[in-house]
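Protein chains in written order, with the UniProt record's numbering: chain A, 1 to 143; chain B, 1 to 596.
Think of the CB as a built atom: it goes at the ideal place given N, C-alpha and C, for glycine as much as any other residue.
See below for the structure under consideration.
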Amino acid sequence: MRPFLYASSILSVVALAFWAYGEGYKTRATARAVSHLSTEIGRRHEELAMLRAEWAYLNRPDRLRALAEMNFERLQLMPLASEHYALAEQVAYPVVRDASWADGPALDEKLEAIATLRHEFGADAPPALIAPPTLADDGEQLP
Amino acid sequence: MIGPFRRRRIVPTDPFRPVPSLEAAPPKARPAPTREPAAVVRARAERRLKFTAGCFLAAFMTVGLKMGTIAATDAREPVTTRGAGAAIVNARADIVDRAGRVLATNVDATALYAQPHLMVDPKAAAEGLARIFPDMDPEVWHRRFTSDSRFFWLKPNISPEQQQAVHDLGEPGLLFGRREMRLYPNGPLAAHVLGGYRYGQQDVRAAEIIGIAGIEKVFDDELRDPAREGAPLRLSLDLGVQSAVESVLASGMRLTNAKGAAAIVMDIHSGELIALASLPDFDPNARPRPLLEGDPAEDPLFNRTVQGLYELGSTFKIFASAQSLDLGLTNASTMIDTKPGLRVNRRRIRDFHNYGPELSVTDIIVKSSNIGTTRLALQIGAERQKAFLASLGFFDPSPVELIEARGARPLIPDRWPDIVTATVSYGHGMSASPLHLATGYASLLNGGTRVQPTLLAGRPSEPGPRVVSARTSAESRLMLRKVVTEGTASLAEVPGYYVGGKTGTADKPKHTGGYWEDKTITTFASIFPAHDPEYVLVVTLDEPQVFAAGEERRTAGWTAVPVSAEVTRRIAPLLGVRPDFDPAHEAAAAYLAAAR
């Protein structure tokens, strides 16, 4: 019994020594990884600052204004004006084909378009229709 | 007894003692060691083993506890380790607008320096550099590279392409240093507010960035403070509004052939400056040198909104009428004698037209009668007039956070005889900056409490000390509204925004004394919406001149007013002011109701 105890305790001491040795190396490796990571974080911070500066540069108002003017035919972007404000009552009800309230969630599938009144062009101005875009067969939006 | 500290006495050995014989004495039989009882031995061994086991247990438990703590604590982003820490400590904080859009930030840059003692071929290096940088003279640099100096700064900031070209020279004596560069991504937008920077102490690894003008200089210490940990400085400016104001102002300046222009948009209740524009402007990324000759007021660096001290003309009239109302000397419909021929201290006070024998106080403002305000001011008296203008901040440099504002003390006459009382009532004889005017209008018209102009967003704003009663403030707003609906500023009307304001045209003083006949400074100070004011807008044009309705026009009504109307039209929707077409807002009762 006793020799067995001696042997097992010596073996366990050896095993623990191996384990502790391994742990020491693992700890040092982790510390190195942490330091690499924090260097990496610092570099990413710098990169982020650079990207933020670039974003601000690309979005400077002068450039956006020039782009809006260049693409006026396509985008029709205008400076925000007081006519762009409207009351909730001025927004027309959606044009609905033979729908009843009982339809519930299916109602919005029957919506053809939304008509908005263009009161700034006078009382008789025809309402503008905002229709959902026509989708091609593959689901892509056509211009 | 021999104590532990006493030396043992040495006893001399006796020489006559017989030498012991060499034959060893038979060994004495040593007494057999008495064996301790087995039970005692066992107990001791057990004790020792237990002690050792305890030691091991304690050691392993310590390790285990430590591991447990490490495993149980949350991971945190390191802030003070090498890489990240260096970047955070060195960086100057960003400046952003009220919505967080970047106005000034830092980017990495490269500086070029030379160490001639490391050079292989100084002549080739100098010639190569001259090819890359056309402003470098190869002979001068060859001479320097062959001198005894061991270090030269060549360029503070070079582009990546230039860096590659220098690298391709293959000269070991040309070295690159790391830099941070201040970048103003919006170019000249809000240039006068931001100011500019220069490098301070520099080293091959880093360089110090120092603000030299505008808000960069005022908040230099705060921006450089590592304790901020990079938190940006948030200004009250709105990038969109600032951009719209500058573009409208630039076109207005072109159309009216003006030499310069300035505009201020201020929140009437908090004093926050939403836009502050002065033209001509400059690019803070490449700040020009100050002009050494000529009129400093024509320097692009000159900030007209705070440094331009002008006689602001009839815009001051509302202060005389408001004080008169507030003191109870008159009310809005009191008739005042406006017959021509009024003389004060033997000087004649003139009106632009003859407005007949008498006008009500409201009509004095609407028609802009100098004689009328002179009478009001003389009734108030010099002391009370001075105290009132001082309470609106006209006698001190503006407290706004710009370094330029501190030097711009309004020009006040030393003595204050009746003629000064008279001329100041219609804005001549003392000079103040457009920012002073905006602050005065905001304080007078926001309900009558003093505001302090500020460029920082989110300052807790409590109403300042009361300047005039809420009723006086409301009546003044109604008068200013009538200037637009019936008076000199009819072009200022923007449907839905109830603009109210006062024009001011002042002849430009000559440097040699006297006034120019054909050079004016025109100002339009306005509020919108007049019945429930939210913003003050001041537009000033320097030497405008337009040909309209058959003649050359230099008055504010034809120059500053249309520009101001266009600015209002553009910025009011951007500021989120809803247009309102309710005619009830035009009624005097609506103004008085707002005062309650």
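- Counting along the chain, M266/B sits inside no alpha helix (DSSP H); it lies in the beta strand (DSSP E) bounded by residues 260–267.
- By the criterion of a C-beta distance shorter than 8 angstroms, V241/B is surrounded in its chain by V265, I274, A275, I571, L574, L575, once the five residues flanking it on both sides are discounted.
- With respect to chain B, the C-beta atom of Y57/A has a partner C-beta closer than 9 angstroms.
- Each residue's CA atom was taken as its position, placing V483/B and L87/A some 30 angstroms apart.
- In summary, K367/B is buried, with 16 or more beta-carbon neighbours lying within 10 Å of its beta-carbon over all protein chains present.
- When DSSP reads this structure, K502/B sits in a beta bridge with A525/B.
- Secondary-structure assignment with DSSP links Y199/B through a beta bridge to I209/B.
- When the five nearest sequence neighbours on each side are left out, the beta carbons in the same chain lying within less than 6 angstroms of the beta carbon of G440/B are those of L392, in order along the chain.
- K26/A sits exposed, since fewer than 16 C-beta atoms from the chains shown fall within 10 Å of its C-beta.
- Taking a cut-off of 8 angstroms on C-beta distances, the region 540–551 of chain B touches the region 252–262 of chain B, as three or more cross pairs fall below it.
- Distance between A93/B and G313/B, taken at the CA atoms: about 41 angstroms.
- If you compare the alpha carbons of P61/A, R28/A, L11/A with that of L189/B, the shortest gap goes to P61/A.
- The Cβ-Cβ distance between V467/B and E534/B does not fall below 9 angstroms.
- W153/B: member of the beta strand (DSSP E) spanning 152–158, first to last residue.
- The alpha-carbon separation between A20/A and D108/B amounts to approximately 45 angstroms.
- For the options Q307/B, M136/B, G458/B, T315/B, the alpha carbon positioned closest to that of D396/B is the one of Q307/B.
- Shown here for P172/B: same chain residues with a beta carbon closer than 8 angstroms to its own, the five before and five after excluded, namely L118, M119, V120 in chain order.
- By the C-beta density criterion, K339/B is exposed, having fewer than 16 other C-beta atoms within 10 angstroms.
- Taking 3 residues as the minimum length, the beta strand (DSSP E) runs contained wholly in the region 330–379 of chain B are 335–337, 358–360, in order along the chain.
- Residue nearest to T454/B within the set K508/B, G447/B, S425/B, A405/B is A405/B (criterion: CA-CA distance).
- In the DSSP assignment, F72/A falls within the alpha helix (DSSP H) that extends over 72–75.
- R304/B counts as buried, since no fewer than 16 other beta carbons sit within 10 angstroms of its beta carbon.
- Apart from the 5 residues on each side of it in sequence, S398/B sits with its Cβ closer than 8 angstroms to the Cβ of V306, A405, A408, S433, L435, H436, T439, P453 in its chain, given in chain order.
- If you check the CB distance, L444/B and I380/B do not come in under 9 angstroms.
- Beta-bridge analysis with DSSP links S431/B to L411/B.
- When C-alpha distances from P509/B are compared across T503/B, K502/B, D518/B, the shortest belongs to D518/B.
- Against chain B, the beta carbon of P3/A has no neighbour under 8 angstroms; the closest one sits roughly 17 angstroms away.
- Shortest Cα-Cα distance from T472/B to any of I349/B, A593/B, E401/B involves A593/B.
- In this structure, A322/B sits near S476/B, with a CB-CB distance shorter than 9 angstroms.
- Between the beta-carbon of F524/B and that of T503/B there is about 5 angstroms, and that keeps the pair under the 8 angstroms contact cut.
- For P61/A, DSSP assigns no beta-bridge partner whatsoever.
- Taking the Cα of D363/B as reference, the smallest distance to any Cα among H269/B, D281/B, G487/B, P134/B is reached at G487/B.
- Between E216/B and L194/B, the beta carbon gap of about 6 angstroms places them in contact (Cβ cut-off 8 angstroms).
- Scanning chain B for C-beta atoms nearer than 7 angstroms to the C-beta of E69/A yields nothing, as the closest lies near 11 angstroms away.
- For A244/B, the nearest CB of chain A lies under 9 angstroms from its own CB, placing it at the interface with that chain.
- Of the other Cβ atoms in all chains shown, 16 or more fall within 10 Å of the Cβ of Q385/B; this residue is therefore buried.
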